[in-house]
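Residue 267 in this note's numbering sits at position 267 of the first sequence, and the numbers go up by one each step.
Cβ atoms here follow ideal geometry from the backbone N, Cα and C, with glycine treated the same way.
Please read these numbers as outputs of a predicted model, since none were measured by experiment.
Following: one structure in structure tokens, then a few remarks.
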Amino acid sequence: MIDAIRADLLQWFTNDARDLPWRRTRDPYAIMVAEVMLQQTQVDRVIPKYQAFLAAFPTIEALAAAPTAEVIRLWAGLGYNRRAVNLQRAAQAIVTRHGGRVPDSVAALRALPGIGPYTAGAIACFAFEQDVAFLDTNIRRVVRRLCVGPDHAAAATEAELLAHAEALIPPGQGWVWNQAIMELGALICTATNPACWRCPLRRHCRAYAAAVAADTALAETMAAPALKRVAEPRPAEPFVGSRRWYRGRIIAALRALPADTALPLSELGRQVRPDFTADHAEWLQQLVRDLARDGLLVITEQGVRLPA
DNA sequence: AAGGCGGGGTG
DNA sequence: CACCCAGCCTT
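In structure tokens:
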């Protein structure tokens, strides 16, 4: 039973997997860069940034020693800029505390800044080929549908899903298995409109069986109920004009500056919002203070700039 | 347990 | 417009 699941998925992966750059290496540093970039960011957007980043910082020592401003510049377009700062801090911690070798234990990885449960497991598996289970949005969704049931009926805890994920791993093949199950979630078992008709695990899948039994449209049973939350939906804030949006604009303005050039706050204010007046000074100060606390900029006499 | 954190692509 | 995306950290 479980052997058939494993065989069917691995067969599919062999035939249909995408050729992604981080699947062609076991360099732990490169894997770490890829996995951090892939946090909440789609594969297609990461690929070019990953290549450029490794070209600029080919080794963990190079990243650790680089000006933080350069790291933040190379991060442009990826979003969640704190990841860039944390990635460099992780590299520095590895150089100073682990002799420049990316640790291979989940616990040691987990202690690094910006490395959470998913990323620690992914590095242990994809760089060091350990049979460790972890959940990302893809694996979580596939495991839930496969082992638990349709999205609307899935009252499974994180620990239960993790146990399922672990039980599925073919011993000695954790690397390819975790790649394969993530790939299935990305290409077939998608959040909305899963392509069950071409899913290699269709005949093993609880959610699929439930859909067939109910004789309903697959996409309807699988995904639609999950979208209609029982909870009251938060008032959707427009992204443009939000605090997050202005933070991004500030960092973008500083990225465009020549190295070691500081931007006076008044000038920064005019660049990030056309209607900037003295009344906005307090608001801008607060944003800048918070960005400084995140390590994304420094405040000087002359104004603000990216960290050296 | 909940919110904040970018930005771009898609239906 | 809404939702989604190889999550993590702080409160």
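**Prompt:** What are the partner residues of V298, as DSSP defines its beta bridges?
**Reply:** In the first sequence, the residue the question calls residue 298 occupies position 298. For V298, which the question treats as bridged, DSSP gives the partners R305.
**Asked** In chain order, what residues of the same chain lie with their CB nearer than 7 Å to the CB of R73, ignoring the 5 residues before and after it?
**Response** In the first sequence, counting from the first residue as 1, residue 73 sits at position 73. Counting only Cβ-Cβ distances below 7 Å, and skipping sequence neighbours, we find R255.
**Request:** Could you check what DSSP says for L87 in three-state terms: helix, strand or coil?
**Result:** Here residue 87 corresponds to residue number 87 of the first sequence, with the count starting at 1. If DSSP states are grouped into helix, strand and coil, L87 belongs with the helices.
**Prompt:** Per DSSP, what kind of secondary structure is L287 in: helix, strand or coil?
**Reply:** Position 287 of the first sequence, counted from the start, is the residue given in the question as residue 287. L287: helix per DSSP, three-state reduction.
**Status (buried if at least 16 other CB within 10 Å, exposed otherwise) for F239** = As a first step, residue 239 is located in the first sequence; it is residue number 239 there, counting from the start. That one is exposed.
**Asked** Out of G77, H98, R305 and P48, which has the shortest C-alpha to C-alpha gap to A64?
**Response** For the purposes of this step, residue 64 is taken as residue 64 along the first sequence, with counting starting at 1. Closest option to A64, Cα to Cα, is H98.
**Message:** Tell me which residues share the same chain as A30 and place their Cβ nearer than 7 Å to its Cβ, disregarding the 5 neighbours each side in the sequence.
**Reply:** The count along the first sequence starts at 1 and reaches residue 30 at position 30. Only W22 and L54 meet the Cβ criterion.
**Sequence-distant residues of the same chain with beta carbon closer than 7 Å to V132, five excluded per side** = Position 132 of the first sequence holds residue 132. Around V132: V106, G121, A124, C125 and G174.
**Close Cβ partners of V143 (< 6 Å) along its chain, the five nearest in sequence each way excluded** = Residue mapping note: residue 143 aligns to position 143 of the first sequence, counting from 1. Excluding residues within five positions, the ones whose Cβ falls inside 6 Å are L161, H164 and A165.
**Asked** Grouping DSSP H, G and I as helix and E and B as strand, with all else coil, what is G77?
**Response** Against the first sequence, residue 77 aligns to sequence position 77. The answer is coil: DSSP assigns G77 none of H, G, I, E or B.
**Request:** Out of G248, G100 and D294, state which residue places its alpha-carbon closest to the alpha-carbon of V85.
**Result:** Here residue 85 refers to the residue found at position 85 of the first sequence. When only C-alpha atoms are compared, the closest one is D294.
**Item:** Residues bridged to L263 (per DSSP)
**Value:** Taking the first residue of the first sequence as 1, we reach residue 263 at position 263. Looking at the DSSP assignment, L263 forms a beta bridge with V304.
**Request:** Take Q179 as the anchor and find which of R198, Y50 and E129 has the nearest alpha-carbon.
**Result:** Translated into the one-based positions of the first sequence, residue 179 becomes position 179. Here the closest residue by C-alpha is E129.
**Asked** Are the CB atoms of I115 and A91 nearer to each other than 8 Å?
**Response** If you number the first sequence from 1, residue 115 lands on position 115. If you number the first sequence from 1, residue 91 lands on position 91. The answer is no: Cβ separation not under 8 Å.
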